[in-house]
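I have placed the structure first, in the form of structure tokens, so that the comments after it can refer back to it.
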Amino acid sequence: MAVRGTRHRVAPLAGRYRPADCAVFTAAERKRFLVPGAWDEAGDAELPIGVRWQLLYRLEPRLYDRLARAERLHPAIMEWLPARVDRILEVGAGSGRLTVELLDRCRSLLAVEPAAGLRRLLRRRLDGRGGAAVAVRGGFVDALPAPAGSAELVVTMSAFTPDRAHGGEAGLAELERAAAPGGLVVIVWPNHIGWLRDRGYRYVAFPGEMAMEFASLDEALELAGVFHPEAVEEIRRRGSPRVPYEVVGVNPPRDLAWRRVPG
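Set out below in structure tokens:
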């Protein structure tokens, strides 16, 4: 597989995987993420960037987790979310960036994550932590392993998009199906805000300068080389592990979209 070797470890995401790496996908994932006949899996055809992210989650989940740990949420997001509810459903939980912040806010928490590698990291991160009773399950946003009306707070972060493979109309309907009457559906760090507003969601953004907080300058340069190669030289020039979001050209995790399900 392409994940072997030093050369691969420093390659940018845009050139990091080959079609043959798609063998890691389950049958359901292949049907969801791959366009039949779009490329020869034995060749070197260009993979869409969305497929590359999905391969990252499955082949190199620890690499993704290192990036996620640097992308700290605006503190006002956690202040905005309900301080206490009975049940929370988190969709697209990843390696637990938001999950750990939710443990003390509910009696029970169901964390749904489709990528097996990220689920393994999530379970390790939650092992031995106090707070809510937590279940971690596989599942896609448009087919959640949760009964109707089963959570007072349904929350997802950055993973949801209007694209059918990552949400779309069916996924939004599924989030709302799982919410209890009068409960909240919250999309943290949303994509395509206008699309959500057209479907009855309200948008909130919190002010203030934000930056990615890496463990060291070396880590900042390494991970920028994978995820933001165009910013490497500016990060090197600044000489700091604290990288403002404007340097990498990314909207900071400072906003959310929400809707209350009718009671």
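Numbered according to our numbering, the sequence shown terminates at residue 263, and the numbering increases by one at each position without gaps. Don't be surprised by glycine CBs; every beta carbon is placed ideally from N, CA and C. Fair warning: this is a prediction, and the values are worked out from it, not measured in the lab.
Near residue i, what residues of its chain come up, given a Cβ to Cβ distance below 8 Å and the 5 sequence neighbours on each side ignored?
i: G138; result: V112, E113, P114, A116, R119, P145
i: P61; result: S95, A115, G117, L118, R120, L121
i: V24; result: M1, L55, R58, L59
i: A42; result: Bear in mind that the predicted position of A42 carries a pLDDT of just 47, short of 50, making it unreliable; the figure below should be weighed with that in mind. So the qualifying residues of the chain are P19, A20.
i: R84; result: R105, C106
Give me the DSSP bridge partner(s) of residue i.
i: R130; result: This sequence places Gly at residue 130; Arg is not what is there. According to DSSP, which records beta bridges pairwise, G130 is partnered with nothing at all.
i: L256; result: V188, V204
i: F140; result: A143
i: A135; result: L110
i: A179; result: A151
Starting from residue i, trace the alpha helix (DSSP H) both ways and give me its first and last residue.
i: W195; result: 193-197
i: V100; result: 99-102
i: L89; result: Here L89 belongs to no alpha helix (DSSP H); instead the beta strand (DSSP E) covers 87-91.
i: R164; result: It is not in any alpha helix (DSSP H) - R164 carries neither H nor E in the DSSP assignment.
i: P61; result: 61-70
i: E29; result: 27-33
i: P12; result: Premise fails: P12 is in no alpha helix (DSSP H) and is neither H nor E.
i: G249; result: Segment: none, G249 is in no alpha helix (DSSP H) and carries neither H nor E.
i: A224; result: 217-227
i: V261; result: Looking at the DSSP string, V261 is not in any alpha helix (DSSP H), and its letter there is neither H nor E.
i: P75; result: 75-80
i: R238; result: 232-238
Excluding sequence positions up to five away, which residues of its chain have a Cβ less than 7 Å from the Cβ of residue i?
i: S216; result: P241
i: W195; result: P162
i: I193; result: Y203, A257
i: R199; result: L172
Where do the N-terminal and C-terminal ends of the beta strand (DSSP E) with residue i fall, by residue?
i: M212; result: 211-213
i: P244; result: 242-244
i: E152; result: 151-157
i: L340; result: Since the first residue shown for the chain is 1 and the last is 263, residue 340 is missing from the structure and cannot be characterised.
My guess is that residue i and residue j are in contact by the Cβ rule of under 8 Å, so how many angstroms apart are they, rounded?
i: S108; j: A132; result: 6 Å
i: Y203; j: D255; result: 7 Å
i: A135; j: L110; result: 5 Å
Please go through the same chain and pick out, in chain order, the residues whose beta-carbon is closer than 6 Å to the beta-carbon of residue i, but skip the five residues on each side of it.
i: A70; result: M212, E213, F214
For chain B, check one thing: does any of its Cβ atoms lie closer than 9 Å to the Cβ of residue i?
i: T156; result: The displayed structure is made up of one protein chain only, and chain B is not part of it.
* Are the region 83-97 and the region 149-167 touching by the rule of at least three beta carbon pairs closer than 8 Å? -> Yes, the region 83-97 touches the region 149-167.
* the region 170-179 contacting the region 232-248, beta-carbon criterion three pairs below 8 Å -> No, the region 170-179 is not in contact with the region 232-248.
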